[in-house]
Amino acid sequence: MSRRKPIDIPANIQRLIDARGLSVYAAARLCDISQPQLRAILLGEHEAKLSTLRKVAAGFGKSLVLGTPAGNLFV
Numbered sequence: 001m002s003r004r005k006p007i008d009i010p011a012n013i014q015r016l017i018d019a020r021g022l023s024v025y026a027a028a029r030l031c032d033i034s035q036p037q038l039r040a041i042l043l044g045e046h047e048a049k050l051s052t053l054r055k056v057a058a059g060f061g062k063s064l065v066l067g068t069p070a071g072n073l074f075v
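Position 63 of the sequence shown, counting from 1, maps to 63 under UniProt numbering, and the rest follow consecutively.
So, in structure tokens, the structure goes:
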């Protein structure tokens, strides 16, 4: 049985990961995606990049979430 090496997560990213999922903002930071690019992704203009963000979240064993005033929205 192989053991997975723990992922070294910077503190500023760690704060964006909660029990429910990986924040889209944290995933974007990990992928070097700017805020304007992220806005376009969330508006549905870049489905391939949204898929990449979902894969990043899955790598942490989390769902991709967008925090809203009404609560978390799973993306």
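All C-beta atoms, glycine included, are put in the ideal place defined by N, C-alpha and C.
With a CB to CB cut of under 8 Å and the five nearest residues on each side skipped, what residues in its chain are close to Q37?
A28, H46 and K49
Sub-8 Å separation of L22 and L66 beta-carbons
no
Could you give the C-beta distance for L42 and V24, rounded to a whole number, given that I count them as a contact under 8 Å?
Indeed they touch by this definition, with Cβ atoms about 7 Å apart.
Given this structure, state the Cα-to-Cα distance separating A40 from F74, to the nearest angstrom.
17 Å
On the three-state DSSP scale, how would you describe T64?
For the record, residue 64 in the displayed sequence is Leu; it is not Thr. Three-state result, L64: strand.
Report buried or exposed for A26, applying the criterion of at least 16 other Cβ atoms within 10 angstroms of its Cβ.
buried
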